[in-house]
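Working notes, structure below.
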Amino acid sequence: MNEMQQLSLTPDGTTEQAQAVGLHYEIVAAAQAAANSLLTLGRKLKQMRDTGGYKRLGFETFADYTEQAVGIRQRQAYNYISVVENVPARLVEENAAAGVTKLALLGRMAPADQREVAGQDLANITVAELKKLVEERNGLSEQLSMIQDTSRPAAEAESYEVDMEALRAQALEQARAEVKEQHAQAMRKALQEQGEKLAADRKAAEAHAAEQAKKEAERKAREQVAQAKAEAAQAAEKKLAEEREAARRDQEEKDKADLEAARQEAAEARAQAEETAR
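First residue of the sequence shown: 1, per full-length UniProt numbering; consecutive thereafter.
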């Protein structure tokens, strides 16, 4: 089993990414589920046996408990316990598909022999072949009877193995239940971050729009003031021109009247002079 690579990504705040992250954790959990279930079952059975907890449940013997309450034979239960006690967890994880009976047999070997035999594709070695290997390595044929009756054919021995598909299905359900809350939290966090981002973007857009509206209003106000000033200046200039024209005309009329009066006076003076000369 290769080491799993850790995820390295930059959150983009999308629902799709949150769903993908949740699915990833479900897949990782499912990949480990079979081996973890085997180890967990072995540890729990060992704890029940060592503490005598089965007696508090109303069973006189551990065998009664495993066969009646759990549904597995005592020998198979001890196989699980033997795996937990004698096989490193790493080897169990790497060879979970081989089944508990083969792993229990593997546990009868020295650690170096365990690694060597497990490296020979343990899942494709029959129980009978594995028993023979163990006997050859250890010379412990009489101890092997604690795992399986030496008179049983290999096919019958294989029948004691737990249905790994059922274990995987059960483990997958457990894994889904365990990651459900984590998935939901990831979804909630992603949605919250997305909502916050949308709110921030909306606030920024509103501020930008308000600033633009303010600038536009100020521009229009400046244009209106400039136009009003220009119109006022034009009106004042027009009025001044009109006043000048009116003053010019008044002066012209006055000058004409004065000239006419002077002419009249001169005419009267000549007439009087002529009259006097006579």
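Glycine included, each C-beta is placed from N, C-alpha and C at the ideal position.
None of the values given here were measured: they were computed from a predicted structure.
Counting every other CB atom within 10 Å of its CB across the protein chains shown gives asparagine 79 a total of 16 or more, marking it as buried. Using a C-beta cut-off of 8 Å, the stretch 83 to 101 makes no contact with the stretch 58 to 67, since fewer than three inter-stretch Cβ pairs fall below that distance.
Less than 7 Å divides the Cβ of valine 134 from the Cβ of arginine 108.
A residue is called buried once 16 or more other Cβ atoms fall within 10 Å of its Cβ, and threonine 101 is buried on that count. Taking C-beta atoms as the reference points, leucine 122 and alanine 96 fail to come closer than 7 Å. A Cβ-Cβ contact shorter than 7 Å links valine 84 with lysine 46. In this structure, DSSP gives aspartate 121 a state outside helix and strand, which the three-state scheme calls coil. The straight-line gap separating the alpha-carbon atoms of glutamate 274 and glutamine 264 is approximately 15 Å.
For arginine 56, the uninterrupted alpha helix (DSSP H) run begins and ends at 53 to 56, by DSSP. Annotation for glutamate 85: the continuous alpha helix (DSSP H) segment containing it runs 74 to 86. Taken atom to atom, the span from the alpha-carbon of glutamate 129 to that of serine 37 is near 26 Å. With fewer than 16 other beta carbons inside 10 angstroms of its own, leucine 57 counts as exposed. Around the beta carbon of valine 127, 16 or more other beta carbons lie within 10 angstroms, which makes this residue buried. Leaving aside the five residues that flank threonine 14 on each side, the residues in its chain whose CB is nearer than 8 Å to its CB run, in chain order, Ala190, Gln194.
The stretch 194 to 237 contains no complete alpha helix (DSSP H) run of 4 or more residues. Contact annotation: alanine 186 and alanine 20 have beta-carbon atoms that are not nearer than 7 Å. In this structure, glutamine 182 and tyrosine 25 form a Cβ contact; the two beta carbons are roughly 6 Å apart against a cut-off of 8 Å. A straight line joining the alpha-carbon of methionine 48 with that of leucine 198 spans about 54 Å. Taking the C-beta atoms as reference points, leucine 103 is found no nearer than 7 Å to glutamine 114. The same chain holds no residue with a CB closer than 6 Å to that of arginine 249 once the five nearest residues on each side in sequence are set aside.
Alanine 247 has its alpha-carbon roughly 18 Å from the corresponding atom of alanine 235.
In the three-state reduction of the DSSP assignment, glutamate 243 falls in the helix class.
Between the C-alpha atoms of alanine 226 and leucine 240 there is a straight-line separation of about 21 Å. Less than 7 Å divides the Cβ of isoleucine 81 from the Cβ of glycine 42.
Per DSSP, asparagine 95 lies in no alpha helix (DSSP H) and is assigned neither H nor E. Residue range 127 to 138 is occupied by the alpha helix (DSSP H) that includes glutamate 136. Excluding residues up to 5 positions away in sequence, nothing lies with its Cβ nearer than 8 Å to the Cβ of glutamine 272 in the same chain. When rounded, the separation of the alpha-carbon atoms in glutamine 224 and alanine 230 is 10 Å.
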